[in-house]
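In this note's numbering, the protein residues as written are 26 to 254.
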């Protein structure tokens, strides 16, 4: 997509292309997953060995100093609609690179942070999406340990989506008769039967102990729901 050199790209508006700057564990995994999902990726890293490792796995991969504004312009990063700063250990490089993207007016920027102050600075300079993988995973693990939850996804402050097994009190009864949303303040939105696929909850759906369900609502309420006996 990017031609023989990234600078040959067609400019801003490449809705199915993402620039990923920093191909460490976070950025590299993200870039590969984007490729698997059919998204073109321009990967940039300062390490020659890292660039060689991703050669042939991404649409284009380049060794470059991403803190240099002119270098980013030469690579047409200023024309991408979406960019990810995966640099974590070098906070100065992370902030400088993110500030270049903000200056370019990139509509959607994601950046990895390794500390709360790092995250705060990224937010203050205009990064729209700040990710703190270790902190986020620690908080997520705490919810899994404390409750009968198989997976936990925070949606917003105080609101979450969880995957769990149906609590005994709601098993083997049609969902429309349970009135879960009114009684418990949560919404059961989908069910997966053993060996099956996820399906939306219908009024007459009945749940069993070997099912898995997706439940959304205020965090405390979905946790309480998962612990019902």
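By construction, the Cβ of each residue, glycine as well, lies at the ideal position given by its N, Cα and C atoms.
This structure is a prediction, so every number in the text was calculated from the model and none was measured.
Subject >> Straight-line gap, residue 245 to residue 183 (C-alpha atoms, nearest Å) >> reply: 8 Å
**OP:** Ignore the nearest five residues each way along the sequence and tell me which others in residue 146's own chain have a CB closer than 7 Å to its CB.
**Re:** 120
Original post:
Secondary structure at residue 168, three-state DSSP: helix, strand or coil?
Top reply: helix
Original post:
What is the DSSP secondary structure of residue 101, reduced to helix, strand or coil?
Top reply: coil
**OP:** Output the distance between the C-alpha atoms of residue 169 and residue 163, rounded to the nearest integer angstrom.
**Re:** 10 Å
Subject >> Burial state of residue 33 (16 or more Cβ within 10 Å) >> reply: Since pLDDT at residue 33 reaches only 42, below the 50 mark, its modelled position is unreliable, and no value is offered.
**OP:** In the DSSP assignment, find the beta strand (DSSP E) that holds residue 201 and state where it starts and stops.
**Re:** That residue, residue 201, is in no beta strand (DSSP E); its alpha helix (DSSP H) goes 200-203.
**OP:** May I have the straight-line CA-CA distance separating residue 191 from residue 227, to the nearest angstrom?
**Re:** 15 Å
Subject >> Between the CA atoms of residue 44 and residue 62 - distance to the nearest angstrom >> reply: 15 Å
Original post:
With respect to the alpha helix (DSSP H) encompassing residue 52, which residues constitute its N-terminal and C-terminal limits?
Top reply: 50-61
Original post:
Pick from 102, 224, 220 and 70: whose alpha carbon is nearest that of residue 89?
Top reply: 70
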